[in-house]
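Here the structure comes first, spelled out in structure tokens, and everything after it is commentary.
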Amino acid sequence: MATQTKDYYGVLGVKKTASTEEIRKAFRKLARKYHPDVNPGDKKAEEKFKEISEANDVLSDEKKRKIYDQFGFYSDNIDPAAAEAAARGGYGPGAHGGRTHGGGHTQEVPFDFGGFDFSDYQGGQEQQAGGGFGGSFRDIFSGMFNRGGASAARGPQPGSDVEYQVSIDFWTAIHGGVTRLEIQRQEVCPTCKGKTTTGGSVECPECHGSGQVTQMGGRMKFNIQCPRCGGSGKVQHTCPTCDGAGVVTKRDPLEFRIKPGTRDGQRIRLAGKGNAGTGGGPAGDLYLIIKVGTNPVFTRTGDDIYVTVPITMTEAALGAKIEVPTIDTHDGGGRTQLKIPPGTQSGQKLRMREKGVPSAASEGKRGDQIVEVKIVVPKVQDERSKEILRELAKLNPEDPREGLFAGV
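Per this note's numbering, residue 1084 is the first one in the sequence shown, and the count goes up by one each step.
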């Protein structure tokens, strides 16, 4: 675990007072954006993903977060008991700490100084009267731990969420149905079962079996617990299938049901179907973003259906009962009659109650169908028809454009 001073709260974009759930939610949101599967070959995104994973690993763990909040950085080599004692100004059980002197008191520092070597520690950084190590104390330890070898084993990490856009046709969105697609996601390694190792151990190549490594902090030498083997002196064989990742990338067929009334842009959540977690962590979720196709006759807005229906000039003037298509007609339903009131104007909208889309949110409810009428003027060619229209104009002499000039 890196120990250089980092603003983990800033990395995840949360306040220092954020709850564990808020921290995990922020991590998942960023993980969806920067995950290597979403940004193949993007080194910056890969580094950003590592950074937010590191921040989440510390802040989502209560004990690690407490140490981070206390010292401004975190290391697996910090003794939690001694850290607790340091916070109280005393000694913790089993803590092997050093002391800083200043202000007339002695304070326990939560680090193991068993291999502390002051032989090379000379010059301007020696202890000053009443001053201790001064302001450089944290910088020394931050740099020291950050130069270690491979990180110690991390705790359970949740898998990231996965998003897929799914295209369905107009009628499947309205009436529902089963959709199939193939998705790519990370699954638990079948060889190591997510443990990253395959059992059996060999001498740690970092500490050569001693369990400790020597680090330099300025001019000081420290013997610290080996970050690779955790002090055991041995490391397990890395799983050859997943190369120690604990997960493998696979493409799997997926079958899921579309509910009647599903809307364009709707997000369908399949819990636990995202990328597998590592170290026993939970899997992320799979989000399916629905893209609904269009129809040449109907237009949909929410649960309402819109359709334009042509009518004749006489139907508009005298009124009529006409047959109009509805979405039920697609399933073999009968044609539906619509009453056209006398004097209907072109562009006028008539509402057909509960002839729209079944509501996905409220079972048993439906939207409406909105019919926009369009008056079709006939092409009059015979003299008899023209004579009748001239007579009609004499009987109805009103000028529909009269009001147009009133405000000019």
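Cβ coordinates follow ideal geometry from the N, Cα and C atoms, glycine included.
Checklist entry - In this structure, does DSSP put K1131 in helix, strand or coil? => result Reading the sequence shown from its first residue, position 48 is the one you call residue 1131. It is helical.
Checklist entry - Under three-state DSSP, which class holds G1187? => result For the purposes of this step, residue 1187 is taken as the residue at position 104 of the sequence shown. Residue placement at G1187 cannot be trusted, given a pLDDT of 42 that sits under 50; the coordinates are not used to answer.
Next on the checklist: Could you give the first and the last residue of the continuous beta strand (DSSP E) run that contains G1327?
Outcome noted: As a position in the sequence shown, residue 1327 is number 244, starting the count at 1. Boundaries cannot be given for G1327, as no beta strand (DSSP E) includes it and DSSP labels it neither H nor E.
Next on the checklist: Does K1149 come out as helix, strand or coil in the three-state DSSP assignment?
Outcome noted: Here residue 1149 refers to the residue found at position 66 when the sequence shown is read from its first residue. Three-state result, K1149: helix.
Item to check | Proximity to G1363 [Cα-Cα], best of P1323, T1279, V1375 and D1335 | outcome: Residue 1363 sits at position 280 when you count from the first residue of the sequence shown. With distances taken between Cα atoms, G1363 lies closest to T1279.
Checklist entry - When burial is assigned at 16 or more other CB atoms within 10 Å of the CB, is S1243 buried or exposed? => result Working through the sequence shown from its first residue, we reach residue 1243 at position 160. Under this definition S1243 is a buried residue.
Checklist entry - The beta strand (DSSP E) with L1371 in it runs from where to where? => result Translated into positions along the sequence shown, residue 1371 becomes position 288. Its beta strand (DSSP E) spans residues L1369 to V1375.
Next on the checklist: Which same chain residues end up closer than 6 angstroms to R1340 when comparing Cβ atoms and leaving out the 5 residues on each side of it in sequence?
Outcome noted: Counted from its first residue, the sequence shown places residue 1340 at position 257. Closer than 6 angstroms at Cβ, skipping near neighbours: V1261.
Next on the checklist: Would you call the segment 1317-1337 in contact with the segment 1264-1284, where contact means no fewer than 3 C-beta pairs closer than 8 angstroms?
Outcome noted: yes
Next on the checklist: Considering Cα atoms alone, identify which of H1118, E1455 and G1447 is closest to I1388.
Outcome noted: If you number the sequence shown from 1, residue 1388 lands on position 305. Minimum Cα distance to I1388 is reached at E1455.
Checklist entry - CB-CB under 7 angstroms to A1109, same chain, minus the five flanking residues each way: which ones, in chain order? => result Mapped onto the sequence shown, residue 1109 falls at position 26. Correct list, in chain order: L1095, G1096 and V1097.
Checklist entry - Does the segment 1421-1432 touch the segment 1380-1399, meaning 3 or more C-beta pairs lie closer than 8 angstroms? => result yes
Item to check | Endpoints, alpha helix (DSSP H) assigned at A1476 | outcome: As a first step, residue 1476 must be located in the sequence shown, where it is residue number 393. Its alpha helix (DSSP H) spans residues E1466 to L1478.
Item to check | Sub-7 angstroms separation of T1409 and K1438 beta-carbons | outcome: As a working mapping, residue 1409 is identified with position 326 in the sequence shown. As a working mapping, residue 1438 is identified with position 355 in the sequence shown. Contact flag set, yes.
Checklist entry - Between D1090, T1427 and I1453, which lies nearest to R1434 when the distance is taken from Cα to Cα? => result As a first step, residue 1434 is located in the sequence shown; it is residue number 351 there, counting from the start. Out of D1090, T1427 and I1453, I1453 has the C-alpha closest to the C-alpha of R1434.
Next on the checklist: Taking its Cβ as the centre, do 16 or more other Cβ atoms sit within 10 Å of D1414, making it buried, or is it exposed?
Outcome noted: The residue you call residue 1414 lines up with position 331 of the sequence shown. Per the 10 Å Cβ criterion, exposed.
Checklist entry - Beta carbon of T1361, beta carbon of Q1240: below 7 angstroms? => result Residue 1361 sits at position 278 when you count from the first residue of the sequence shown. Residue 1240 sits at position 157 when you count from the first residue of the sequence shown. Cβ atoms of T1361 and Q1240: closer than 7 angstroms.
Checklist entry - Taking all protein chains shown into account, do 16 or more other C-beta atoms lie within 10 angstroms of the C-beta of R1182, making it buried, or fewer, making it exposed? => result In the sequence shown, residue 1182 corresponds to position 99, counting from 1. Residue placement at R1182 is flagged as unreliable, the pLDDT there being 41, under the threshold of 50; a coordinate-derived value is accordingly withheld.
Next on the checklist: I'd like to know whether the C-beta atoms of Q1248 and I1372 end up nearer to each other than 7 angstroms.
Outcome noted: Mapped onto the sequence shown, residue 1248 falls at position 165. Mapped onto the sequence shown, residue 1372 falls at position 289. Contact: yes.
Item to check | Alpha-carbon spacing of G1357 relative to G1367, whole angstroms | outcome: As a first step, residue 1357 must be located in the sequence shown, where it is residue number 274. As a first step, residue 1367 must be located in the sequence shown, where it is residue number 284. The straight-line gap from Cα to Cα measures roughly 4 angstroms.
Item to check | Paired residues, beta bridge with K1422 - DSSP | outcome: Within the sequence shown, numbered from 1, the residue matching residue 1422 stands at position 339. In the DSSP output, where bridge partners are listed per residue, K1422 has K1404.
Checklist entry - Under the rule that 16 or more other beta-carbon atoms within 10 Å means buried, what is Q1428, buried or exposed? => result Taking the sequence shown and counting its residues from 1, the one referred to as residue 1428 is at position 345. Exposed.
Checklist entry - Given 8 angstroms as the limit, is there contact between the segment 1135-1143 and the segment 1099-1109, that is, 3 or more CB pairs closer than that? => result yes
Item to check | Terminal residues of the beta strand (DSSP E) in which E1270 lies | outcome: Position 187 of the sequence shown, counted from the first residue, corresponds to residue 1270. For E1270, the enclosing beta strand (DSSP E) begins and ends at G1260 to V1271.
Item to check | Assumed close pair V1318, V1285 - CB separation to whole angstroms, cut-off 8 angstroms | outcome: Here residue 1318 refers to the residue found at position 235 when the sequence shown is read from its first residue. Here residue 1285 refers to the residue found at position 202 when the sequence shown is read from its first residue. Correct: roughly 6 angstroms between the Cβ atoms.
Checklist entry - Who pairs with L1433 in a beta bridge, going by DSSP? => result Taking the sequence shown and counting its residues from 1, the one referred to as residue 1433 is at position 350. Residue pairing of L1433 in beta bridges, as defined by DSSP: V1454.
Item to check | Closer than 7 angstroms to chain D by CB, D1244 | outcome: Within the model displayed, chain D is absent; a lone protein chain is all it includes.
Checklist entry - In terms of residue numbering, what span does the beta strand (DSSP E) encompassing L1353 cover? => result To locate residue 1353, count along the sequence shown from 1; it is residue 270. Per DSSP, L1353 belongs to the beta strand (DSSP E) from R1350 to L1353.
Checklist entry - Among all the DSSP beta bridges, which residues are the ones paired with S1250? => result As a position in the sequence shown, residue 1250 is number 167, starting the count at 1. Partner(s): K1374.
Checklist entry - What's the call for K1127, buried or exposed, on a 16-neighbour Cβ count within 10 Å? => result Here residue 1127 refers to the residue found at position 44 of the sequence shown. By the 10 Å Cβ count, K1127 comes out exposed.
Checklist entry - From F1156 to A1256, what does the alpha carbon distance come to, in whole angstroms? => result Looking up residue 1156 in the sequence shown gives position 73. Looking up residue 1256 in the sequence shown gives position 173. Rounded to the nearest angstrom, the two C-alpha atoms are 51 angstroms apart.
Checklist entry - If you follow the beta strand (DSSP E) that K1093 is part of, which residue opens it and which one closes it? => result Here residue 1093 refers to the residue found at position 10 of the sequence shown. Note on identity: in this sequence residue 1093 is Gly, with Lys being the wrong assignment. Note, G1093: premise wrong, no beta strand (DSSP E); alpha helix (DSSP H) at Y1091 to L1095.
Checklist entry - Hey, G1313 and T1321 are a contact pair by Cβ (cut 8 angstroms); roughly how many whole angstroms apart? => result Here the question's residue 1313 lines up with position 230 in the sequence shown. Here the question's residue 1321 lines up with position 238 in the sequence shown. Contact flag wrong, Cβ pair sits at about 15 angstroms.
Checklist entry - Among G1376, V1121 and E1246, which residue has its Cα nearest to the Cα of A1354? => result The residue labelled residue 1354 in the question sits at position 271 within the sequence shown. With distances taken between Cα atoms, A1354 lies closest to E1246.
Item to check | Distance, T1324 Cα to E1499 Cα | outcome: The structure shown does not extend to residue 1499, since the chain is modelled only from 1084 through 1491, so no value can be given for it.
Checklist entry - With 16 as the cutoff for other CB atoms within 10 Å, does S1102 come out buried or exposed? => result Here residue 1102 corresponds to residue number 19 of the sequence shown, with the count starting at 1. It counts as exposed.
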